[in-house]
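This report concerns only the one structure given below.
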Amino acid sequence: MKRVLSTLLLLASLGSSALAQSPITLNVALDKPTGNISPHMWGVFFEDINLGADGGIYAELVKNRSFEFDQPWMGWKKLENGPEGSYLLLNDGKRKGNKRYLRIHSAANLKLGLQNEGFRGMGVKAGAAYEFSVQYQSAAKGMKIHVELLDQQ
3 MKRVLSTLLL
13 LASLGSSALA
23 QSPITLNVAL
33 DKPTGNISPH
43 MWGVFFEDIN
53 LGADGGIYAE
63 LVKNRSFEFD
73 QPWMGWKKLE
83 NGPEGSYLLL
93 NDGKRKGNKR
103 YLRIHSAANL
113 KLGLQNEGFR
123 GMGVKAGAAY
133 EFSVQYQSAA
143 KGMKIHVELL
153 DQQ
């Protein structure tokens, strides 16, 4: 049995060395191009994995802030359901800036709200300063906007 095992091990080691390839030398001559590349081709490839471009490198906290996604309500949730027509998402192709915007119609005694989920949450850090901006126009005196950051609880 030992003799058979020893013979098999010897054959395996000889066979593996016979199959091994000799090292390859690769020479690159940078001064002798072999093909033409268009001067119009430029850029950087960036694969957006796990929303890294929107919520990471760009440091965006609000998901779909201008309702620009293909599904305009993605990332947004209505907190209170008002009467039909309380929340109107408008698409104005003539506008230069944000072409989509939200119009909220509310009676003085009715409170309506929106919540944004962020990019798998919002990475808010204690003690850090954050800026919030919104274009807001009130149709009547006394109407106010209230913005707050809340945790999941």
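Under our numbering, the first residue of the sequence shown is numbered 3, with each subsequent residue one higher.
Don't be surprised by glycine CBs; every beta carbon is placed ideally from N, CA and C.
Keep in mind the model is a prediction, meaning the values are calculated, not measured.
Close-in-space but distant-in-sequence residues of the same chain around residue i (CB under 8 Å, 5 per side omitted)
i, result
"L104", "F69, Y89, L90, L91, L92, L116"
"L114", "K80, L81, E82, G84, S88, Y89, I106, S108"
"F134", "V149"
Alpha-carbon to alpha-carbon, residue j and residue i
i, j, result
"Q23", "N38", "33 Å"
"E62", "L32", "41 Å"
"K96", "V30", "54 Å"
"M76", "K65", "8 Å"
"K101", "D94", "5 Å"
"A128", "R67", "23 Å"
"H42", "P35", "17 Å"
"Y138", "V46", "37 Å"
"S8", "S15", "11 Å"
"I26", "W44", "32 Å"
"G99", "P74", "16 Å"
"M145", "D72", "31 Å"
"D40", "S140", "Reading off the sequence shown, one finds Ser at residue 40, where the question assumed Asp. So the two alpha carbons sit approximately 53 Å from each other."
CA nearest to the CA of residue i, picked from the options
i, options, result
"E119", "K101, A131, Q154", "Q154"
"N83", "A14, L112, K98", "L112"
"S108", "I147, P74, Q137", "I147"
"I51", "V126, R122, Y138, R67", "R122"
"L152", "V126, F134, Q139", "V126"
"M124", "F71, G99, E150, S140", "E150"
Chain-order list of residues whose beta-carbon lies under 6 Å from that of residue i (same chain, five-residue window excluded)
i, result
"K143", "none"
"L28", "none"
Cβ-based neighbour list, residue i, same chain, cut-off 7 Å, excluding 5 preceding and 5 following
i, result
"G87", "H107"
"K4", "none"
"K80", "Y89, L116"
"A131", "none"
heavy atom of the ligand ATP below 6 Å from residue i C-beta
i, result
"P25", "This structure lacks the ligand ATP, and indeed carries no ligand of any kind."
Worksheet item: Which ranges would you report for the alpha helix (DSSP H) in the segment 44-131 if only whole runs of at least 4 residues count?
Response: none
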